[in-house]
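Visitor: Mapping to the working numbering: the sequence shown position 568 is 558, numbers consecutive.
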Amino acid sequence: MLDGILDLLIDKQFLSEIQLAKSRSGTLIETPSEKPAQKNLLVYSILNRELQTARTLIHSGFDVNSTDKIGRTPLMAAVTIDNLEIAKLLVEKKANINAVDHQKLSAIFYAEISSFYGISKSNERIAMAEFLIQKGANLNVKNSNDETLLHCAMKKRNFDFAELLIEKGAQINQSNDDKNTLAMIFARMDNNSDEKELEFIKLLLNKIQDLSYKNSEGCNYLCQSIHKGNFPITKLLLEKGINPDEKDNESRTALLIAVEEKKFEIAKYLIEKEVSVNVRDEYGRNPLIYAIQYRQKEILELMLTKGGDIHTKNDNGYNLLAIAVENGDQSIVEVLLEKGLNINDLGSVNMRGKTALMAAVESGNESMVKYLLEKGAQIDLLSGKSDYSRSAIMMAIQSGHIGIIKLLLERGANVNLEDKRGYNAFIYAIETGNKNVLELILPKISSINSKNRYGKTPLIYSVEYGSLSITQLLIDNGSDVLLLDNNRQSAIFYAILKGNFAVFKLLSEKGADLNTVDGEGRSLLIYASNRGDKNIAEYLIQKGADLNTQDRIGKTALMYAADKGFKDIVKLLLEKGADSKISNNVNMTALQYAEKNGYKEIIKLLTETK
-9 MLDGILDLLI DKQFLSEIQL AKSRSGTLIE TPSEKPAQKN LLVYSILNRE
41 LQTARTLIHS GFDVNSTDKI GRTPLMAAVT IDNLEIAKLL VEKKANINAV
91 DHQKLSAIFY AEISSFYGIS KSNERIAMAE FLIQKGANLN VKNSNDETLL
141 HCAMKKRNFD FAELLIEKGA QINQSNDDKN TLAMIFARMD NNSDEKELEF
191 IKLLLNKIQD LSYKNSEGCN YLCQSIHKGN FPITKLLLEK GINPDEKDNE
241 SRTALLIAVE EKKFEIAKYL IEKEVSVNVR DEYGRNPLIY AIQYRQKEIL
291 ELMLTKGGDI HTKNDNGYNL LAIAVENGDQ SIVEVLLEKG LNINDLGSVN
341 MRGKTALMAA VESGNESMVK YLLEKGAQID LLSGKSDYSR SAIMMAIQSG
391 HIGIIKLLLE RGANVNLEDK RGYNAFIYAI ETGNKNVLEL ILPKISSINS
441 KNRYGKTPLI YSVEYGSLSI TQLLIDNGSD VLLLDNNRQS AIFYAILKGN
491 FAVFKLLSEK GADLNTVDGE GRSLLIYASN RGDKNIAEYL IQKGADLNTQ
541 DRIGKTALMY AADKGFKDIV KLLLEKGADS KISNNVNMTA LQYAEKNGYK
591 EIIKLLTETK
């Protein structure tokens, strides 16, 4: 809109297009090129400051409420150039004060525009506005954007004009939406109000009786001010009595917002005002937790002196010490230890609690681990109370922090300690497949052939996790390939179950018993046949494995292969002499298993063999 106004202000050619003259009868003479629907002589005369021409037109009876092509009246033009004399003359001639242009802008809107863009001097624009108001200008009319005059002035931070409007009775919008006058200021202000803005907000607050405004996010005036980091306005709102402990839709109070958004000057002020420091948001976090996360030692200490609960925990059961350790701020850790927090507290509400040392280990903070050990952290505690419980060194192994592993070993970490599944640090190292870590721990273990509660040895775990190099390392260091777990399965059973021929062959070469059976009476050949593993089956047969061994339910390797539909295994076993006529405990043969499942090719093989 301003561009249009300025274009008109410099449009000097209309006088060459339209020659004005006044005959003795007072009629106007215009050239044929003039288009009355587009040009308004009086509006153009005023905008081009041809004031004598304008006076002549007015006194000659020109319609003072006529409009130009964008709907402007002569009064709007007079306001635009801030000519009070012409404005008064037009009003005297019955100009409509509240007429609007095509954008629904009345004359007083033009006064605000003139004021904002500096088209006129301050005293002149105020005088013009006061005149229009005196003559009945509607201060609450809305433009085509549904904005009031006050709204427009506020949006452009035109505080002088806005102040005049309020003093003259303009309605202050106090609705719970984005048209709220005060909320609109807060939405546009930065972190430091200038004197004009501050004074205007004071004026608004003196006029507003109801300070209960909240936007769609549940954010009140104080909340908005803190979001902007505006300390002077925040202080002013608190002085006006806004409740700092009121919560938004996420259950955040003023202090929570201030600390979360790193508005620390405001946070200190609120704490000094003794707002609640232990309140939690909907995520279970309180100002103490936020202060630790943002490494605000001074604010944390201040809150602790103002009643902050040092024993508070987050929703994951972590106490402040564990949170501080995870965050890596040693100075805050020192404060919390000095305040009496137990360095070895597990204290979890979700049964997976960790000590501060464990938190430091998992985050890979070696210097913090060293500091906590020096402060007396117990090295061999197990986390939580569930089956998934670990010691600090187990966590270090899982995380792969070599420096921390070495440090814990130097400080005497017990690598033989078992978690509640029966895993020790050595098994954790095997599980990760990290040979370097394994070599660090190997000299510390009590026995390379120790068994956990499942009867499993480190070698069995190595085979189960499929590492040929680690299996070789363990055997080289004395692992017994013949040891059985609680199911009477040795390591070689696990090689078959994993289908790892390289590991299977290594174990065989290192003395594994190829004719062993497990607790269910199943041989290695039965396991290979049941999995359809032809390579291992051929190897076992070549090494003399019994083709007709029956398990506890009487099934042979041939029956398992026929039952699963492994034609190649069935063919191999038959070629090597497996007895197809053997029946199991319920008198079923291999052929009957094939028939039950409809394996036609296997049925044919078995029938031909008969």
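A virtual CB, placed ideally from N, CA and C, is assigned to each residue, including glycine. Every value quoted in this text rests on a predicted model; they were computed, and no experiment measured them.
Using a Cβ distance threshold of 8 Å, determine whether the stretch 125 to 133 contacts the stretch 87 to 96, with at least three qualifying pairs required.
Guide: Yes, the stretch 125 to 133 is in contact with the stretch 87 to 96.
Visitor: Restricting to runs no shorter than 4 residues, where is the alpha helix (DSSP H) found entirely within the stretch 475 to 538?
Guide: As far as the stretch 475 to 538 is concerned, its whole alpha helix (DSSP H) runs of at least 4 residues are 481 to 488, 491 to 499, 514 to 521, 524 to 532.
Visitor: Which same chain residues end up closer than 8 Å to D558 when comparing Cβ atoms and leaving out the 5 residues on each side of it in sequence?
Guide: One-based indexing of the sequence shown puts residue 558 at position 568. If we look at D558 and ignore the five residues flanking it on each side, its Cβ neighbours are G522, K524.
Visitor: DSSP three-state call for K410: helix, strand or coil?
Guide: The residue labelled residue 410 in the question sits at position 420 within the sequence shown. K410 falls in the coil class under three-state DSSP.
Visitor: At the level of alpha carbons, what is the spacing between F99 and N86?
Guide: Start at 1 with the first residue of the sequence shown, and residue 99 comes out as number 109. Start at 1 with the first residue of the sequence shown, and residue 86 comes out as number 96. In a straight line, the C-alpha of F99 is about 14 Å away from that of N86.
Visitor: Check N113 in the structure and name its three-state DSSP category.
Guide: Along the sequence shown, read from residue 1 onward, the residue named residue 113 stands at position 123. The answer is helix: DSSP assigns N113 an H, G or I state.
Visitor: Take the Cβ of G16 as the centre, count every other Cβ of all protein chains shown within 10 Å, and call the residue buried at 16 or more, exposed below.
Guide: Translated into the one-based positions of the sequence shown, residue 16 becomes position 26. For G16, the pLDDT reaches just 30, beneath the cut-off of 50, and the residue's location in the model is therefore unreliable, leaving the point undetermined.
Visitor: With a CB to CB cut of under 6 Å and the five nearest residues on each side skipped, what residues in its chain are close to K629?
Guide: Absent from the structure is residue 629, since the part of the chain shown begins at -9 and ends at 600.
Visitor: Count the other CB atoms within 10 Å of the CB of I543; is the residue buried (16 or more) or exposed (fewer)?
Guide: What you label residue 543 is simply residue 553 of the sequence shown in a count that begins at 1. So I543 counts as exposed.
Visitor: Checking 8 Å against the spacing of the C-beta atoms, do K410 and S379 come in under that value?
Guide: Here the question's residue 410 lines up with position 420 in the sequence shown. Here the question's residue 379 lines up with position 389 in the sequence shown. A contact, by the Cβ cut-off of 8 Å.
Visitor: Let's see if you can read the secondary structure: which residues bound the alpha helix (DSSP H) around Q582?
Guide: Within the sequence shown, numbered from 1, the residue matching residue 582 stands at position 592. Looking at the DSSP string, the run of the alpha helix (DSSP H) that includes Q582 is 580 to 587.
Visitor: What does a CB cutoff of less than 7 Å around C213 pick up in its chain, not counting 5 residues either side in sequence?
Guide: Translated into positions along the sequence shown, residue 213 becomes position 223. The residues are D238, A244, I247.
Visitor: Can you give the Cα-Cα distance for D319 and K197, rounded to whole angstroms?
Guide: Counted from its first residue, the sequence shown places residue 319 at position 329. Counted from its first residue, the sequence shown places residue 197 at position 207. Rounded to whole angstroms, D319 to K197 spans 47 Å at the Cα level.
Visitor: Within 10 angstroms of its Cβ, does Q368 collect 16 or more other Cβ (buried), or is it exposed?
Guide: To locate residue 368, count along the sequence shown from 1; it is residue 378. Result: exposed.
Visitor: Suppose the cutoff is 7 Å on Cβ atoms and the five residues either side in sequence are ignored; what does the same chain contact list for L464 look like?
Guide: Walking along the sequence shown from the start, residue 464 turns up at place 474. So the list reads I438, P448, L449, S452, once near-sequence residues are dropped.
Visitor: Quick check on this structure: which residue in G307, L530, D305, S353 has the alpha carbon closest to the alpha carbon of V315?
Guide: One-based indexing of the sequence shown puts residue 315 at position 325. Out of G307, L530, D305, S353, S353 has the C-alpha closest to the C-alpha of V315.
Visitor: Give me the Cα-Cα distance between I76 and K192, rounded to the nearest whole angstrom.
Guide: Your numbering for residue 76 matches position 86 in the sequence shown. Your numbering for residue 192 matches position 202 in the sequence shown. Each residue's Cα considered, the two are about 36 Å apart.
Visitor: Considering only the beta carbon of each residue, do I282 and L331 sit closer than 8 Å?
Guide: Translated into positions along the sequence shown, residue 282 becomes position 292. Translated into positions along the sequence shown, residue 331 becomes position 341. Cβ atoms of I282 and L331: not closer than 8 Å.
Visitor: By the 10 Å Cβ neighbour count, where 16 or more other Cβ atoms means buried, how is N148 classified, buried or exposed?
Guide: Residue mapping note: residue 148 aligns to position 158 of the sequence shown, counting from 1. N148 should be labelled buried.
Visitor: Which term fits T224, buried or exposed, when burial requires 16 or more other beta carbons within 10 angstroms of its beta carbon?
Guide: Indexing the sequence shown from 1 puts residue 224 at position 234. Looking at its Cβ environment, which holds 16 or more other Cβ atoms inside 10 Å, T224 is buried.
Visitor: With a Cβ-Cβ cutoff of 8 Å, do N477 and D503 count as a contact?
Guide: Numbered from its first residue, the sequence shown carries residue 477 at position 487. Numbered from its first residue, the sequence shown carries residue 503 at position 513. No, the Cβ-Cβ distance between N477 and D503 is not below 8 Å.
Visitor: Go through its chain and collect everything with a Cβ distance to E585's Cβ below 7 Å, but skip five positions before and after it.
Guide: Counting from one through the sequence shown, the residue named residue 585 turns up at place 595. I593, listed in sequence order.
Visitor: Closer than 8 Å by C-beta to K365: which residues in its own chain qualify, once you throw out the five before and the five after it? Chain order, please.
Guide: Mapped onto the sequence shown, residue 365 falls at position 375. These residues qualify, in order along the chain: L327, I333.
Visitor: Please classify Q42 as buried or exposed, where buried requires at least 16 other C-beta atoms within 10 Å of its C-beta.
Guide: Within the sequence shown, numbered from 1, the residue matching residue 42 stands at position 52. It counts as exposed.
Visitor: For L194, which residues in the same chain have their Cβ closer than 6 Å to its Cβ, ignoring the five residues on either side in sequence?
Guide: Position 204 of the sequence shown, counting from 1, holds the residue named residue 194. Within the same chain, L194 has close Cβ partners L172.
Visitor: Could you tell me if R346 is buried or exposed, where buried requires 16 or more neighbouring beta carbons within 10 angstroms of its beta carbon?
Guide: Working through the sequence shown from its first residue, we reach residue 346 at position 356. For the record, residue 346 in the displayed sequence is Ala; it is not Arg. The residue is buried, with at least 16 neighbouring Cβ atoms inside 10 Å.
Visitor: Whose C-alpha, out of F416, L458, N467, P433, is nearest the C-alpha of K446?
Guide: Numbered from 1 along the sequence shown, position 456 holds the residue referred to as residue 446. Out of F416, L458, N467, P433, F416 has the C-alpha closest to the C-alpha of K446.
Visitor: Considering only residues of the same chain and omitting the five flanking positions on each side of G555, which have a CB-CB separation below 7 Å?
Guide: Indexing the sequence shown from 1 puts residue 555 at position 565. For G555, where only same-chain residues beyond five positions count, the Cβ hits under 7 Å are N587, Y589, I592.
Visitor: Could you give the distance in angstroms between the alpha-carbon of D72 and the alpha-carbon of N113?
Guide: For the purposes of this step, residue 72 is taken as the residue at position 82 of the sequence shown. For the purposes of this step, residue 113 is taken as the residue at position 123 of the sequence shown. Cα-Cα distance, rounded: 10 Å.
Visitor: Within 10 angstroms of the Cβ of Y583, are there 16 or more other Cβ atoms? Answer buried if so, exposed if not.
Guide: Position 593 of the sequence shown, counted from the start, is the residue given in the question as residue 583. By the neighbour-count rule (16 or more Cβ atoms within 10 Å), Y583 is buried.
Visitor: What's the gap between the Cα of I435 and the Cα of E454?
Guide: For the purposes of this step, residue 435 is taken as the residue at position 445 of the sequence shown. For the purposes of this step, residue 454 is taken as the residue at position 464 of the sequence shown. Using only the alpha carbons, I get a separation of about 20 Å.
Visitor: What are the start and end residues of each continuous alpha helix (DSSP H) run of 4 or more residues lying completely inside the stretch 136 to 166, in chain order?
Guide: DSSP runs (the alpha helix (DSSP H)) wholly in the stretch 136 to 166: 139 to 145, 149 to 157.
Visitor: Along the chain, where does the alpha helix (DSSP H) containing G231 start, and where does it finish?
Guide: In the sequence shown, the residue the question calls residue 231 occupies position 241. From DSSP, G231 is part of no alpha helix (DSSP H); its letter is neither H nor E.
Visitor: Does the beta-carbon distance from L336 to S373 come in below 8 Å?
Guide: Here residue 336 refers to the residue found at position 346 when the sequence shown is read from its first residue. Here residue 373 refers to the residue found at position 383 when the sequence shown is read from its first residue. Their beta carbons are under 8 Å apart, which means L336 touches S373 by this criterion.
Visitor: Please determine, among K158, K329, E288, K344, the residue with the shortest C-alpha to C-alpha distance to A312.
Guide: Taking the sequence shown and counting its residues from 1, the one referred to as residue 312 is at position 322. Selected option, being the one with the closest Cα: K344.
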